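**Student:** Numbering (our numbering), first residue to last: 105 to 263.
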Amino acid sequence: MFTMEIDFTDIEQLQTDLKHIEQDRVQNLVQEASIAQVLIKNRISKGKTVDGRMMESKSKEKTGKYSKSWAKMRAKKGRQTNVVDLEYTGTTKGKFRRINGREAFREDAYDIGFDEDEAENIALYNNEMFGEAYGISDAEADETFIHYLKAFREELVRP
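1. Decide if the segment 222-235 is in contact with the segment 129-138; the criterion is three or more beta carbon pairs, one per stretch, under 8 Å apart.
2. Flag this pair as touching only if the segment 242-261 and the segment 167-179 have three or more C-beta atom pairs under 8 Å; answer yes or no.
3. Shortest alpha-carbon distance to phenylalanine 200 belongs to which of Gln117, Val187, Thr185, Ile216?
4. Which same chain residues end up closer than 8 Å to threonine 196 when comparing Cβ atoms and leaving out the 5 residues on each side of it in sequence?
5. With arginine 178 as the anchor, note down where its alpha helix (DSSP H) starts and where it stops.
6. Enumerate in chain order the residues of its own chain whose CB-to-CB distance from asparagine 204 is below 7 Å, with the five nearest sequence positions on each side excluded.
7. May I ask which residues mark the beginning and end of the alpha helix (DSSP H) holding isoleucine 104?
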């Protein structure tokens with residue numbers, strides 16, 4: 105006769121580690137949403153669309169990258185006209201943020217956009233005028249995902 109003993113210590117530790125990773129997953133997704141938001145805003149500040157083209161007015165008469173009339177308005181406010189940065193007042197870009205709550209992170213998803221109709225309408229108009237700006241490029245999505253994977257890996261190997 106013999107007695108078989110099973111040591112559940114390792115299994116219990118693994119369960120604890122997995123719970124910790126699950127809890128940190130939500131925080132990592134929140135962080136990655138913030139990174140994506142910053143990457144998009146930085147690209148827009150450089151005057152680039154989602155596909156990497158420089159934004160420019162479709163108007164035939166331009167001053168810099170803006171229509172002549174809009175460039176005049178920008179100049180009166182002390183704004184530059186060489187790069188379409190979508191920052192006439194800064195209000196629209198300031199309202200571009202993570203718009204859903206923690207419940208979305210249970211589904212491994214997050215939404216970045218506008219929580220006000222006025223800002224969204226301005227962004228849609230700008231997209232029509234200059235090309236899609238308020239979206240995520242493949243490079244931005246890749247960079248965001250790489251940050252997420254690194255954070256996840258750090259959680260796996262954390263002592």
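Even for Gly, the Cβ is constructed at its ideal location relative to N, Cα and C.
What you are looking at is a predicted structure, and each value in this text was computed from that prediction instead of being measured.
**Tutor:** Straight from the coordinates:
1. no
2. no
3. Ile216
4. Leu190, Phe218, Ala223, Ile226, Ala227, Asn230
5. 172-180
6. Tyr214, Asp215
7. The first residue shown for the chain is 105 and the last is 263, placing residue 104 beyond what the model contains.
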